[in-house]
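Quick note, the sequences are listed as chains A and B, same order.
Heads up: the first sequence is residues 1 to 344, going by the UniProt record's numbering.
Heads up: the second sequence is residues 1 to 344, going by the UniProt record's numbering.
Down below is the structure, laid out as structure tokens.
2 protein chains.
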Amino acid sequence: MVRKSASGRIGIADVAAKAGVSHATVSRVMNGNFTVDPDIAARVRAAAAELKYQPNPVGRSLALGKTDTIGIVVPDLANPTFQAILRGLSRAAAQDGYRVLIADSFEVSSEEAILAGEARRRCDGLVLCAPRMTDAELEEIAPSLHPLVLINRTTATAGVPSLVVDYGQGVQDIAEHLVELGHTRLAFLAGPPRSASNGLRLQGLESFKAAHPDVEVIMLEGGSDFDTGHGAVDAVLDSGATGILAFNDLVAMGLMSGLHERGLDVPNDISVTGFDDIPFAKYTTPALTTAAVPITELGEQAWQQLRALIRKEQSDTPGSRYQPRLEVRASTGPAKAARSAVHG
Amino acid sequence: MVRKSASGRIGIADVAAKAGVSHATVSRVMNGNFTVDPDIAARVRAAAAELKYQPNPVGRSLALGKTDTIGIVVPDLANPTFQAILRGLSRAAAQDGYRVLIADSFEVSSEEAILAGEARRRCDGLVLCAPRMTDAELEEIAPSLHPLVLINRTTATAGVPSLVVDYGQGVQDIAEHLVELGHTRLAFLAGPPRSASNGLRLQGLESFKAAHPDVEVIMLEGGSDFDTGHGAVDAVLDSGATGILAFNDLVAMGLMSGLHERGLDVPNDISVTGFDDIPFAKYTTPALTTAAVPITELGEQAWQQLRALIRKEQSDTPGSRYQPRLEVRASTGPAKAARSAVHG
DNA sequence: CCGGCCTGAGAAAGCGTTTTCTCGGTTCGC
DNA sequence: GCGAACCGAGAAAACGCTTTCTCAGGCCGG
Chain A
1 MVRKSASGRI GIADVAAKAG VSHATVSRVM NGNFTVDPDI AARVRAAAAE
51 LKYQPNPVGR SLALGKTDTI GIVVPDLANP TFQAILRGLS RAAAQDGYRV
101 LIADSFEVSS EEAILAGEAR RRCDGLVLCA PRMTDAELEE IAPSLHPLVL
151 INRTTATAGV PSLVVDYGQG VQDIAEHLVE LGHTRLAFLA GPPRSASNGL
201 RLQGLESFKA AHPDVEVIML EGGSDFDTGH GAVDAVLDSG ATGILAFNDL
251 VAMGLMSGLH ERGLDVPNDI SVTGFDDIPF AKYTTPALTT AAVPITELGE
301 QAWQQLRALI RKEQSDTPGS RYQPRLEVRA STGPAKAARS AVHG
Chain B
1 MVRKSASGRI GIADVAAKAG VSHATVSRVM NGNFTVDPDI AARVRAAAAE
51 LKYQPNPVGR SLALGKTDTI GIVVPDLANP TFQAILRGLS RAAAQDGYRV
101 LIADSFEVSS EEAILAGEAR RRCDGLVLCA PRMTDAELEE IAPSLHPLVL
151 INRTTATAGV PSLVVDYGQG VQDIAEHLVE LGHTRLAFLA GPPRSASNGL
201 RLQGLESFKA AHPDVEVIML EGGSDFDTGH GAVDAVLDSG ATGILAFNDL
251 VAMGLMSGLH ERGLDVPNDI SVTGFDDIPF AKYTTPALTT AAVPITELGE
301 QAWQQLRALI RKEQSDTPGS RYQPRLEVRA STGPAKAARS AVHG
């Protein structure tokens, strides 16, 4: 007969009663403490099995001071990049027996700090993914969030590893590629204003402009999704640019779709590039030229760093920098005006 | 001066000491219990603010017997469908102050039951998303998982709402559409064998075949991702079918990409359809004909149902059935052989 | 044969909250 | 003016577990 303590669920006390031992002994057995007489241990195990006893994780957490859970806060769960990071993180953490709690800030940066704090209190560590909050805010809360790892954002706070993708270099590589194809008038379809990675791209373009005074680079406002790209067709055409650097693959795909609807041909009329190399980029028509970011790996690395912090190991690498790799596909081609020059 | 109790973090005891009251009173104030003298309450609040006190959620959870967290287990976090469900669920739950814990089973069905149990114990409720486990297993564990809501799977267990998409009807609608275009030889590129939604599609096709004895339907093995579609090009061409029903949009996109590489034209040489209407489906070239599933809504509904269960409300709708909506786009066209017939 | 050591298990003290119980001090009613 | 109802706040129990503390009993050596 299964007896229950006050609450509905079976607790350690029920097992102890059934096996005729104390709570303490049951706990010892369940945790593989070998200072228990084998006979008694067997009896306890039998009782536990019969009652289908499973320790209550909340009680354990309180006693042990750890939850075996980590949190991740992302600005927008709809974004494939963050999904990929989440996936990599979740996979890696699961391998070490950790679960992940997600917090989506829906791009409202004012919520981030609160969300992060709440998540952190429930978890053993936190991954802050491309936070949109200001630097000041970040510095302010970072210490209280430890163990913390940052993705695509850096901080002066000690002990906070940062994994950042070198968007600046990536965007330069892309621009360089377009210039080699003969484009002399480029346009950058920017991302969300608060996005740090957008900032890095802008910096990269500044460097590029300094190195290529002959190339014109027009800045266009934008966003981070399909519709941004789709809605930017007019602005892009007005700019007169023949090589377009979209903020990311989504924007690029939206733009290509819009251009296609206008009867324009990519890449013969206009070259389009993306960023990230999301899985779909390979399968668009034409296949998208983009800068590949090892994004799942980023999630995995985030876990490695966080684990080191949680275990208080000396983290050998306090952070790392990821270089995007240029993926030249079919969405870029020789500039229209420069075409004969190339052939000639 | 900030004093800390034994542990590093600030606890209720610290606030109590600073305000010169007992823990109990602090707790009362923090929880808006109005049986506290306003002066004392103010003093407590001041102390709490000064110490930046935030209640420890684990302690709260233990005392209250709830975690304000729900769990979701999915077979594969890389799948856009599950991502969308997660997103909808997370959004809806957040609005009610709940967080979500994710568990990815990586398509290994034997892990699902354990994962589900663990997740459930940490949470106030659980969403089981298209579980791959057997019916027997599901019936076995379902009672212990309550409050539980199922997505794309049903159970005989009482009190477990099921949200299912009518894939059977959807696939019939698609087939019907192809037949109307003059196709008489169709092929179905199946999904993962253990997928219940694949089973529903197969049932739908049986109904379809019964209603259309003149139409040939060839069954092809498959999977659920891009590469499945890309790798199925040969099998598809060998089948001689002119209308292809891919398991989902991903497979369809992979297939279209493969066909394109072979120099085949969609839809002039062959018509391709997907399923789900993921955001990308609109932007492929040609845009993909598919059956739209209100997937984000599914996640939201899952939360509504789960919330009702958690609050022990009488759930008026013990589950619901979602009808896919046929989205005719450019990837389907008149059958090659039947073309002249159509025009004539 | 007795004292010290060691082993193994129960008792009890946390972990950080909430909540019931209790009780001193008012206030109200008769 | 005195008992009853009441109000507000502290003490203590409870939530379910881990872990230290403690102690009984068995074993060994002297």
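Beta carbons: idealized from backbone N, C-alpha and C, even for Gly.
So, does the CB of ASP104 of chain A fall closer than 7 Å to a CB anywhere in chain B?
-> Counted from its first residue, the first sequence places residue 104 of chain A at position 104. It does; some Cβ of chain B falls within 7 Å.
Inter-stretch contact (C-beta, 8 Å, three-pair minimum) for the segment 211-226 of chain B and the segment 189-200 of chain B | Taking 8 Å as the limit for Cβ pairs, the verdict is that the segment 189-200 of chain B does touch the segment 211-226 of chain B.
Tell me, please, whether the CB atom of SER90 of chain A is closer than 7 Å to any CB atom in chain B?
-> For the purposes of this step, residue 90 of chain A is taken as the residue at position 90 of the first sequence. It does; some Cβ of chain B falls within 7 Å.
Distance CB(ARG153 of chain A)-CB(ALA84 of chain A) smaller than 7 Å | Sequence index remark: in the first sequence, residue 153 of chain A carries index 153 (1-based). Sequence index remark: in the first sequence, residue 84 of chain A carries index 84 (1-based). Not closer than 7 Å, so no.
ARG329 of chain B versus TYR167 of chain B - alpha carbon distance = On the second sequence, residue 329 of chain B is found 329 positions in, with the first residue counted as 1. On the second sequence, residue 167 of chain B is found 167 positions in, with the first residue counted as 1. ARG329 of chain B and TYR167 of chain B: Cα-Cα distance of roughly 19 Å.
Proximity below 7 Å, CB of ALA281 of chain A to CB of ILE174 of chain A | Translated into the one-based positions of the first sequence, residue 281 of chain A becomes position 281. Translated into the one-based positions of the first sequence, residue 174 of chain A becomes position 174. No; because the gap between Cβ atoms is not below 7 Å, this pair is not in contact.
Where does MET219 of chain B sit, in a helix, a strand or coil, going by DSSP?
-> Within the second sequence, numbered from 1, the residue matching residue 219 of chain B stands at position 219. In the three-state scheme derived from DSSP, where H, G and I count as helix and E and B as strand, MET219 of chain B is classed as strand.
Please list the segments of the alpha helix (DSSP H) lying wholly inside the segment 229-264 of chain B, counting only runs of 4 or more residues, in order along the chain.
-> Counting whole runs of 4 or more residues, the segment 229-264 of chain B contains the alpha helix (DSSP H) stretches 233-239, 249-261.
Count the CB pairs spanning the segment 52-59 of chain A and the segment 102-110 of chain A that are closer than 8 Å, and state whether there are at least three.
-> When Cβ pairs closer than 8 Å are counted between the two stretches, the segment 52-59 of chain A is seen not to touch the segment 102-110 of chain A, the count staying below three.
What's the call for ILE114 of chain B, buried or exposed, on a 16-neighbour Cβ count within 10 Å?
-> Here residue 114 of chain B is taken as the residue at index 114 of the second sequence, counted from 1. When all chains shown are included, ILE114 of chain B counts as exposed.
Can you tell which of A:THR69, A:TYR98, A:ASP135 has its C-alpha closest to the C-alpha of ARG121 of chain A?
-> Start at 1 with the first residue of the first sequence, and residue 121 of chain A comes out as number 121. The shortest CA-to-CA distance from ARG121 of chain A to any of A:THR69, A:TYR98, A:ASP135 is the one to A:THR69.
Within chain B, partners of ALA292 of chain A - CB distance below 7 Å = Position 292 of the first sequence, counting from 1, holds the residue named residue 292 of chain A. From the beta-carbon of ALA292 of chain A, no residue of chain B is found nearer than 7 Å; the closest lies around 16 Å away.
Are the C-beta atoms of THR155 of chain A and some chain B residue less than 7 Å apart?
-> Along the first sequence, one-based indexing puts residue 155 of chain A at 155. The beta-carbon of THR155 of chain A is placed no less than 7 Å from the nearest beta-carbon of chain B.
Should GLY125 of chain A and PRO161 of chain A be called a contact, given that it needs their Cβ atoms to be closer than 7 Å?
-> Translated into positions along the first sequence, residue 125 of chain A becomes position 125. Translated into positions along the first sequence, residue 161 of chain A becomes position 161. Against a cut-off of 7 Å, the Cβ pair of PRO161 of chain A and GLY125 of chain A comes out as no contact.
Could you check how far apart the C-beta atoms of GLY204 of chain B and VAL171 of chain B are, in whole angstroms? I think they sit under 8 Å.
-> As a first step, residue 204 of chain B must be located in the second sequence, where it is residue number 204. As a first step, residue 171 of chain B must be located in the second sequence, where it is residue number 171. About 4 Å separates the two Cβ atoms, so the contact holds.
Does DSSP put PHE188 of chain B in a helix, in a strand, or in coil?
-> The count along the second sequence starts at 1 and reaches residue 188 of chain B at position 188. PHE188 of chain B sits in a strand when the DSSP states are folded into three classes.
With a cut-off of 7 Å, does the C-beta of SER22 of chain B fall near any C-beta of chain A?
-> Indexing the second sequence from 1 puts residue 22 of chain B at position 22. Chain A contact via Cβ: absent.
Chain B contact residues for ARG132 of chain A, given Cβ-Cβ distances below 9 Å | Translated into positions along the first sequence, residue 132 of chain A becomes position 132. Ordered by position in chain B, no residue passes the 9 Å Cβ test against ARG132 of chain A, which lies about 17 Å from the chain.
Within the segment 51-117 of chain A, ranges of the alpha helix (DSSP H) (whole runs, at least 4 residues) = With a minimum length of 4 residues, the continuous alpha helix (DSSP H) runs that stay inside the segment 51-117 of chain A are 57-64, 80-95.
Determine the burial state of LYS312 of chain A: buried for a count of at least 16 other Cβ atoms within 10 Å of its Cβ, exposed for fewer.
-> By one-based count along the first sequence, residue 312 of chain A stands at place 312. With fewer than 16 Cβ atoms within 10 Å of its Cβ, LYS312 of chain A is classed as exposed.
Sequence-distant residues of the same chain with beta carbon closer than 7 Å to LEU264 of chain B, five excluded per side = Here the question's residue 264 of chain B lines up with position 264 in the second sequence. Cβ within range, chain order: ILE270.
For the alpha helix (DSSP H) holding ILE295 of chain B, just list the boundary residues, first then last.
-> If you number the second sequence from 1, residue 295 of chain B lands on position 295. Residue range 295-310 is occupied by the alpha helix (DSSP H) that includes ILE295 of chain B.
Count the other CB atoms within 10 Å of the CB of LEU64 of chain A; is the residue buried (16 or more) or exposed (fewer)?
-> As a first step, residue 64 of chain A is located in the first sequence; it is residue number 64 there, counting from the start. Classified as exposed, LEU64 of chain A has fewer than 16 neighbouring CB atoms from the shown chains inside 10 Å of its CB.
Quick one: list the residues of chain B neighbouring LEU62 of chain A, beta-carbon separation under 9 Å, in chain order.
-> Taking the first sequence and counting its residues from 1, one reaches residue 62 of chain A at position 62. Per Cβ cutoff of 9 Å: ASN56, VAL58, GLY59, SER61, LEU62.
Can you say whether GLY243 of chain A is buried or exposed, counting buried as having 16 or more other CB atoms within 10 angstroms of its CB?
-> To locate residue 243 of chain A, count along the first sequence from 1; it is residue 243. Counting Cβ neighbours within 10 Å, GLY243 of chain A comes out buried, since at least 16 surround it.
Beta-carbon proximity check, VAL127 of chain B vs ILE72 of chain B, cutoff 7 Å = Indexing the second sequence from 1 puts residue 127 of chain B at position 127. Indexing the second sequence from 1 puts residue 72 of chain B at position 72. For VAL127 of chain B and ILE72 of chain B, yes; Cβs fall inside 7 Å.
What's the call for GLY97 of chain B, buried or exposed, on a 16-neighbour Cβ count within 10 Å?
-> To locate residue 97 of chain B, count along the second sequence from 1; it is residue 97. Exposed, by the Cβ-count rule.
Limits of the unbroken alpha helix (DSSP H) element including GLY204 of chain B = Counting from 1 along the second sequence, the entry for residue 204 of chain B is found at position 204. Annotation for GLY204 of chain B: the continuous alpha helix (DSSP H) segment containing it runs 196-211.
Per DSSP, which one or two residues make a beta bridge with VAL171 of chain B?
-> Position 171 of the second sequence, counted from the first residue, corresponds to residue 171 of chain B. Answer by DSSP bridge pairing: none, since VAL171 of chain B is not bridged.
Alpha carbon to alpha carbon, how far is LEU288 of chain B from GLY182 of chain B?
-> Counted from its first residue, the second sequence places residue 288 of chain B at position 288. Counted from its first residue, the second sequence places residue 182 of chain B at position 182. Answer to the nearest angstrom: the Cα atoms are 18 Å apart.
Leaving out five residues before and five after LYS66 of chain A in sequence, what residues of the same chain have Cβ atoms less than 7 Å from its Cβ?
-> For the purposes of this step, residue 66 of chain A is identified with residue 66 of the first sequence, where counting begins at 1. Answer for LYS66 of chain A: ASP124, listed in chain order.
Name the residues in the segment 234-255 of chain A whose C-beta lies less than 9 Å from a C-beta of chain B; which are they?
-> Listed by position, the residues of the segment 234-255 of chain A near chain B (Cβ gap below 9 Å) are LEU250, MET253, GLY254.
Kindly indicate which three-state DSSP category SER224 of chain A falls into: helix, strand or coil?
-> Taking the first sequence and counting its residues from 1, the one referred to as residue 224 of chain A is at position 224. SER224 of chain A falls in the coil class under three-state DSSP.
With ARG28 of chain B as the anchor, note down where its alpha helix (DSSP H) starts and where it stops.
-> Position 28 of the second sequence, counting from 1, holds the residue named residue 28 of chain B. That run of the alpha helix (DSSP H) goes 23-30.
Around the Cβ of GLN323 of chain A, are there at least 16 other Cβ atoms within 10 angstroms (buried) or fewer (exposed)?
-> In the first sequence, residue 323 of chain A corresponds to position 323, counting from 1. It is exposed - the Cβ of GLN323 of chain A has fewer than 16 other Cβ atoms within 10 Å.
Closer than 7 Å by C-beta to SER22 of chain A: which residues in its own chain qualify, once you throw out the five before and the five after it? Chain order, please.
-> Within the first sequence, numbered from 1, the residue matching residue 22 of chain A stands at position 22. In the same chain as SER22 of chain A, and ignoring 5 residues on each side of it, the C-beta atoms closer than 7 Å to its own belong to ALA16, in chain order.
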